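The next block holds one structure in the form of structure tokens; read it before the comments.
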Amino acid sequence: MKINLSPVKYNLGCVNNYIGFLDFKKAAIKKLGMRANTCSFNPGVIIANLTEWKIQNITGRLEHWMELNTQEDLYSKTLAESITTPPLLIVFYKRHSNIDPMWHVRHLGAGNRYSPQFVKAAKLLHWNGHYKPWGRTSSFSDVWDKWFIPDPTGKFHPVRRHAGDN
């Protein structure tokens, strides 16, 4: 039996390349020797081996890239919506495993790509993108509603905007 010591598993499904997240004109990125056209993974759902995470100082490495970005503006403006995705892509470049796609059904906020039966069979649903079920009308918001647990502090209240609202 082979033991996988990769600190992270993720759902493959190539949608974007690294060039969409990192500025390959920057010296710090060039120095990594990464290929800009490599399929990037979506770190919206990861499974981490915490023992390996600690041994490999993943937190420190991620913080290094986040700090360096504040000084050198390393992230591409195309897809990098947050400060977390690009450093995860750097640290786990070619150092990850795939998870079963049913454990990360993505793009629920971007149209109707899935049948209701498929969504019902999924293990984990991810409304990535701008169309979150708690903020506006999105595909399968009824499924989200079924599992929604109200904020016990009462501070978070979903406000669902409907299509066409500004």
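Using my numbering, the letters of the sequence shown correspond one by one to residues 14 to 179. For glycine and all other residues, C-beta sits at the position ideal for the given N, C-alpha and C. Every value quoted in this text rests on a predicted model; they were computed, and no experiment measured them.
Through-space distance from residue j to residue i, alpha-carbon basis
| i | j | result |
| --- | --- | --- |
| residue 43 | residue 109 | 21 angstroms |
| residue 167 | residue 138 | 24 angstroms |
| residue 48 | residue 101 | 16 angstroms |
| residue 29 | residue 149 | 25 angstroms |
| residue 120 | residue 70 | 31 angstroms |
| residue 153 | residue 126 | 11 angstroms |
| residue 77 | residue 130 | 43 angstroms |
| residue 85 | residue 96 | 13 angstroms |
| residue 163 | residue 38 | 45 angstroms |
Min CB distance residue i to chain D below 8 angstroms
| i | result |
| --- | --- |
| residue 34 | In the structure shown, chain D does not exist; there is a single protein chain. |
For residue i, the three-state DSSP class (helix, strand or coil)
| i | result |
| --- | --- |
| residue 154 | helix |
| residue 88 | strand |
| residue 74 | helix |
| residue 82 | helix |
C-beta contact flag for residue i and residue j at 8 angstroms
| i | j | result |
| --- | --- | --- |
| residue 87 | residue 36 | yes |
| residue 136 | residue 115 | yes |
| residue 58 | residue 117 | yes |
| residue 56 | residue 83 | no |
| residue 159 | residue 151 | no |
| residue 112 | residue 60 | yes |
| residue 140 | residue 171 | no |
| residue 89 | residue 33 | yes |
Bridge partners - residue i, DSSP secondary structure assignment
| i | result |
| --- | --- |
| residue 141 | None; residue 141 has no bridge partner. |
| residue 118 | 138 |
| residue 35 | 88 |
| residue 187 | The requested residue 187 does not occur in the structure, where the chain is confined to residues 14 to 179. |
Q: Evaluate the contact criterion for the stretch 63-73 versus the stretch 27-42: three or more CB pairs, one atom per stretch, below 8 angstroms.
A: no
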